[in-house]
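Respectively, the protein sequence lines represent chains D and P. Under the numbering used here, read the first sequence as residues 41 to 514, first letter to last. Under the numbering used here, read the second sequence as residues 7 to 213, first letter to last.
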Amino acid sequence: MTTVSSAIDRQDPGFIEVDNTVDPVSGRAPLVLGCRDFHDVTHSVCRVNEAPKAPLAWWVAFAISLSLVGFLGVCVLYLILTGVGVWGLNNPVMWAFDITNFVWWVGIGHAGTLISAILFLFRQKWRTGINRFAEAMTIFAVICAGLFPGIHVGRVWFAYWLFPIPNQMDMWPQFRSPLLWDVFAVGTYFTVSLVFWYVGLIPDLATMRDRATGKLRQFAYGFFALGWRGSMRHWHRYEVAYLLLAALATPLVLSVHSVVSFDFAVSQLPGWHTTIFPPYFVAGAIFSGFAMVMTLAVPARELFGLKNIITLRHLDNMNKIILVTGCIVGYAYAMEFFIAWYSGALYEKFAFLNRAFGQYWWAYFIMVGSNVITPQLFWFKAIRTSIPLMFALSIVVNIGMWFERFVIIVSSLANDFLPSSWDAFFPTWVDIGTMLGAIGLFSTLFLLFCRYLPMIAIAEVKAVMPQADPHGQH
Amino acid sequence: MSTLTIERPTTARTADGSTSRLWGLMAEFKTPSAIFEAAGKVRDAGYRHWDCHVPFPVHGLDKQMGVKRTIIPVIVFFAGLTGCSVGFLLQAFTNATGAEWSFWAIVWVTGYPFLISGKPLLSIPSFIPVMFEITILLSALTTAGVMLLFNGLPRWNHPLLAKKRFLRASDDRFFIVIESRDGRFIRSKTEDFLKGLGAVHVEAVED
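Next up, the structure:
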């Protein structure tokens with residue numbers, strides 16, 4: 041199998057394997073390796089989209105993902121035609137896989153916004169190597185997230201009732217419900233992420249347009265580049281607008297997962313009704329999102345030969361963030377238990393003991409093992425800079441964070457106040473099919489993005505190269 | 007001033023013999039520092055209708071060109087205020103009043119005083135999340151929209167986009183463009199001026 045990278049690295053004598061995870065005694069290690077000039081950056085990003093044929097691995101992954109999307113279609117159609125009862129939901133456990141998946145996907149999206157907005161405000165220059173595809177990941181993850189509550193409403197043809205649309209029944213949404221806040225939070229989040237991503241893409245689409253050879257490519261990239269011609273007067277407004285979007289997206293991303301946590305925290309259910317939820321959910325979201333960025337970045341940089349731009353230093357930095365957020369999540373788990381005991385509330389105490397030792401004890405231990413214990417390995421630099429280990433650990437964190445949401449949602453619902461209303465949840469094939477289908481939908485969109493859009497923010501990477509400084513020696 | 011305008015040629019002969027209007031001159035530079043210095047000289051020479059075209063925002067080049075800071079943040083601030091008020095009024099109207107109201111007498115809407123879980127009708131704390139989201143939504147859309155509007159985008163046809171050398175403006179070359187409509191533009195003199203700035207190539211751009 042020939043991948044793009046092996047074919048290209050040979051033509052690219054500039055590529056050198058340098059350890060840039062250690063800063064030299066004075067100054068900073070370079071963020072872009074082996075690119076002698078700006079053209080090298082343009083070329084190493086654009087060649088992925090310009091290669092006449094995608095690598096075989098891309099086609100294999102695309103075929104698998106697309107068949108999962110097909111299966112998702114079957115599951116969703118079956119659900120709409122039959123009813124929500126095709127899921128394993130029952131009277132006490134009225135939220136299970138669907139809301140677990142919703143929270144999981146929304147959380148994954150958050151790392152993209154953190155990288156694109158918060159790290160931008162903190163002037164973290166290393167973000168430029170990874171922000172484009174992390175933002176793409178955000179958008180696709182929010183699409184997958186939106187799917188679940190969308191079909192969980194049951195009668196999807198009434199989904200427009202979620203929006204304040206004037207109607208002949210004089211009926212309005214109930215604005216005091218966190219579930220409605222969610223509609224606004226996730227809707228705003230999707231829109232703003234899309235706008236932010238597209239604004240960032242405009243200059244790079246212009247680059248693609250200027251390099252395009254075929255008429256179709258010229259037209260398609262040219263149309264979406266909006267006629268961008270790199271005018272400095274335009275760049276001036278563009279940079280101000282980009283900063284503003286980052287400043288708006290930062291509180292937004294914190295609000296979105298806080299609002300998602302309100303879905304639980306505002307209710308009366310033991311195990312849900314806790315004030316630690318908003319910060320704890322936000323930390324967990326960033327934790328799982330960075331793990332997903334890692335899961336995507338490691339194969340992408342191998343397959344498409346982007347190791348000189350997504351360097352080991354980028355991966356090392358992301359692993360450090362995974363470690364920090366993992367510790368925050370671990371602290372939150374401990375604090376929940378402490379408060380449950382300290383509150384003296386009978387039901388609260390029971391809910392937490394039941395979580396760890398009740399019928400879903402195995403899910404709880406998968407959650408603690410994957411989210412708190414294994415990420416501690418990232419204290420060691422050898423593990424932070426080992427590609428296979430970080431890839432494996434990122435998958436473990438993804439699984440662990442899925443179980444976190446499962447534990448919170450299902451264990452609290454299955455055993456609430458009255459033992460007479462206790463029950464257990466078992467997923468049906470439609471539950472599992474919808475979950476796998478959503479993963480397929482996500483990877484289909486992501487693979488299409490890798491093939492047709494510049495995966496790296498070309499203009500931004502150029503701007504952080506030492507040659508870009510107008511007062512430099514170059 | 008009048009002599010200058012008389013001297014200014016407004017047409018250029020192209021390769022196939024047809025004439026087209028001269029739109030401006032484009033000078034190509036190789037490095038950010040070269041264009042940075044050159045931009046300062048063009049600014050000092052008093053040109054007004056000119057621009058730099060660069061593959062990435064060269065740090066400080068806008069200041070060097072004398073570009074005034076944009077007022078986009080002010081507009082966005084008012085968009086945010088609007089969003090916040092719209093969010094509050096929407097919720098207060100639909101959930102806390104029984105008032106009737108019409109959009110230009112076409113769509114009539116009636117509020118519904120919605121009493122739920124013992125909360126007061128005008129329960130402002132529970133209105134905050136939606137007010138916040140609409141504030142952000144309107145601000146972000148305004149930011150992007152106003153940025154494109156002020157930049158005159160989308161504009162798919164532009165004299166510069168027809169130039170072959172200009173394709174590298176999105177890759178690794180840096181261009182200074184002086185438009186012929188500038189009061190100080192004299193083809194021969196401006197061309198010499200641009201060459202004197204250290205441009206590697208100067209070329210006429212036709213309309």
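Glycine included, C-beta positions come from ideal geometry on N, C-alpha and C.
Residue i: which of the options sits nearest, CA to CA?
i	options	result
TRP268/D	LEU31/P, THR196/P and PRO160/P	PRO160/P
LEU31/P	MET153/P, ARG171/P and ALA40/P	ARG171/P
GLY440/D	ILE148/D, THR474/D, PHE236/D and VAL62/D	ILE148/D
LEU309/D	ALA246/D, VAL299/D and ALA380/D	ALA380/D
VAL293/D	HIS354/D, VAL114/D, ILE413/D and PHE236/D	PHE236/D
PHE392/D	GLN416/D, ALA432/D and PHE457/D	PHE457/D
LEU288/D	LEU363/D, MET475/D, ILE158/D and ARG87/D	ILE158/D
ASP356/D	THR228/D, ILE170/D and GLY123/D	ILE170/D
ILE129/P	THR141/P, ILE182/P and GLN97/P	In the sequence as presented, Ile is not what sits at residue 129/P; that position holds Ser. Among THR141/P, ILE182/P and GLN97/P, the Cα nearest to that of SER129/P is on GLN97/P.
SER26/P	ILE140/P, PRO165/P and CYS58/P	PRO165/P
THR423/D	PRO467/D, GLY398/D, LEU363/D and ILE406/D	Here the sequence assigns Ile to residue 423/D, which means Thr is not the residue at that position. That would be LEU363/D, whose Cα lies nearest to the Cα of ILE423/D.
TYR373/D	ASN455/D, VAL412/D and GLY123/D	VAL412/D
ILE192/P	PRO38/P, ALA51/P, LEU144/P and THR141/P	ALA51/P
TYR400/D	LEU417/D, LEU386/D and PHE446/D	PHE446/D
VAL73/P	GLY89/P, GLY124/P and ALA45/P	ALA45/P
ILE242/D	ILE41/P, PRO61/P and GLU34/P	PRO61/P
LYS421/D	THR315/D, TYR404/D, ASN359/D and SER105/D	ASN359/D
ASP222/D	SER301/D, VAL196/D and VAL280/D	SER301/D
ILE406/D	VAL436/D, LEU417/D and PRO428/D	VAL436/D
HIS150/D	PHE321/D, GLN214/D and MET209/D	PHE321/D
What does DSSP give as the partner residue(s) for residue i in the beta ladder?
i	result
PHE321/D	Bridge partners of PHE321/D: none, in fact.
GLU500/D	BP columns for GLU500/D are empty, so no partner.
GLU376/D	Note: GLU376/D sits in no beta bridge, so no partner.
SER108/P	TRP114/P
PHE181/P	GLU34/P and HIS59/P
ALA210/P	LEU31/P
VAL217/D	Sequence check: residue 217/D is Ser here, not Val. Looking at the DSSP assignment, SER217/D forms no beta bridge with any residue, so it has no partner.
SER564/D	The requested residue 564/D is not part of the displayed model; chain D covers only 41 to 514.
Our contact map puts residue i next to residue j with C-beta atoms below 8 Å; I'd like the distance itself, whole angstroms only.
i	j	result
ALA185/D	VAL193/D	Actually they are not in contact, since the Cβ atoms of ALA185/D and VAL193/D sit about 14 Å apart, beyond 8 Å.
TRP29/P	GLU212/P	6 Å
ILE324/D	GLU444/D	For the record, residue 324/D in the displayed sequence is Gly; it is not Ile. Yes, they are in contact, since the Cβ atoms of GLY324/D and GLU444/D sit about 6 Å apart, within 8 Å.
ASN438/D	THR335/D	6 Å
LEU453/D	TRP135/D	6 Å
VAL72/D	MET505/D	6 Å
VAL296/D	VAL408/D	That pair is no contact at about 26 Å.
ILE191/D	LEU485/D	Actually they are not in contact, since the Cβ atoms of ILE191/D and LEU485/D sit about 18 Å apart, beyond 8 Å.
PHE99/P	PHE133/P	That belief does not hold up - the Cβ atoms of PHE99/P and PHE133/P are roughly 11 Å apart, past 8 Å.
GLU90/D	ARG251/D	7 Å
ALA340/D	PHE489/D	No, ALA340/D and PHE489/D are not in contact; Cβ-Cβ is about 10 Å, not under 8 Å.
ARG395/D	TRP98/D	Actually they do not touch by this definition, with Cβ atoms about 42 Å apart.
ILE368/D	LEU154/D	With 8 Å as the limit, ILE368/D and LEU154/D do not qualify as a contact, their Cβ atoms being about 13 Å apart.
ILE142/P	VAL232/D	6 Å
Mind checking the region 266-277 of chain D against chain P and listing, in chain order, the residues whose C-beta falls within less than 9 Å of any C-beta there? LEU266, GLY267, TRP268, ARG269, GLY270, SER271, MET272, ARG273, HIS274, TRP275, HIS276 and ARG277
Can you give me, in chain order, the residues of the region 108-126 of chain P that have a beta carbon less than 9 Å from any beta carbon in chain D? PHE109, VAL113, TRP114, VAL115, THR116, GLY117, TYR118, PHE120, ILE122, SER123 and LYS125
Taking only beta carbons into account, state which residues of the region 37-48 of chain P come closer than 9 Å to chain D, listed in chain order. THR37, PRO38, SER39, ALA40, ILE41, PHE42, GLU43 and ALA45
What residues in the region 201-218 of chain D bring their beta carbon closer than 7 Å to a beta carbon of chain P? Contact annotation: in the region 201-218 of chain D, residues whose CB is within less than 7 Å of a CB in chain P are PRO204, PRO206, ASP210, TRP212, GLN214, PHE215 and ARG216.
To be precise: take each residue of the region 154-171 of chain D, compare its Cβ to all Cβ atoms of chain P, and keep it if any distance is under 9 Å. Which residues remain? none
Completely contained alpha helix (DSSP H) runs for the region 60-148 of chain D, where each covers 4 or more residues: 78-90 and 96-122
Proximal residues, the region 132-157 of chain P versus chain D, C-beta separation under 8 Å: Those would be SER132, PHE133, PRO135, VAL136, PHE138, GLU139, ILE140, ILE142, LEU143, SER145, ALA146, LEU147, THR149, ALA150, VAL152, MET153, LEU154, PHE156 and ASN157, in chain order.
Near-chain P residues of the region 279-292 of chain D - C-beta to any C-beta below 8 Å: Residues GLU279, VAL280, ALA281, LEU284, LEU285, LEU288, ALA289, PRO291 and LEU292.
Please list the residues of the region 59-71 of chain P that have a C-beta atom closer than 7 Å to any C-beta atom in chain D, keeping them in chain order. Only HIS59, VAL60, PRO61, PHE62, PRO63, VAL64, HIS65, GLY66, LEU67, ASP68 and MET71 from the region 59-71 of chain P bring a Cβ to less than 7 Å from some Cβ of chain D.
Which residues, in chain order, does the region 77-99 of chain P contribute to contact with chain D at a C-beta distance below 7 Å? Flagged, chain order: ILE78, PRO79, VAL82, LEU96 and GLN97.
Minimum length 3: unbroken beta strand (DSSP E) runs contained in the region 66-148 of chain P: 106-109 and 113-116
Could you pull out every unbroken beta strand (DSSP E) segment of at least 3 residues lying fully inside the region 170-224 of chain D, listed in chain order? none
Contact list for the region 156-176 of chain P against chain D, Cβ threshold 7 Å: PHE156, ASN157, LEU159, PRO160, ARG161, TRP162, HIS164, LEU166, LEU167, LEU173, ALA175 and SER176
When Cβ atoms are compared, which residues of the region 294-312 of chain D fall closer than 7 Å to chain P? SER295 and VAL299
Going along the region 177-211 of chain P in order, which residues come within less than 7 Å of chain D, judged by CB to CB distance? ASP177 and ASP178
Select from the region 423-445 of chain D all residues with a C-beta closer than 7 Å to any C-beta belonging to chain P, and list them in chain order. none
Identify each residue in the region 133-157 of chain D for which the Cβ-Cβ distance to at least one residue of chain P is less than 8 Å, and report them in chain order. From the region 133-157 of chain D, no residue has a Cβ closer than 8 Å to chain P.
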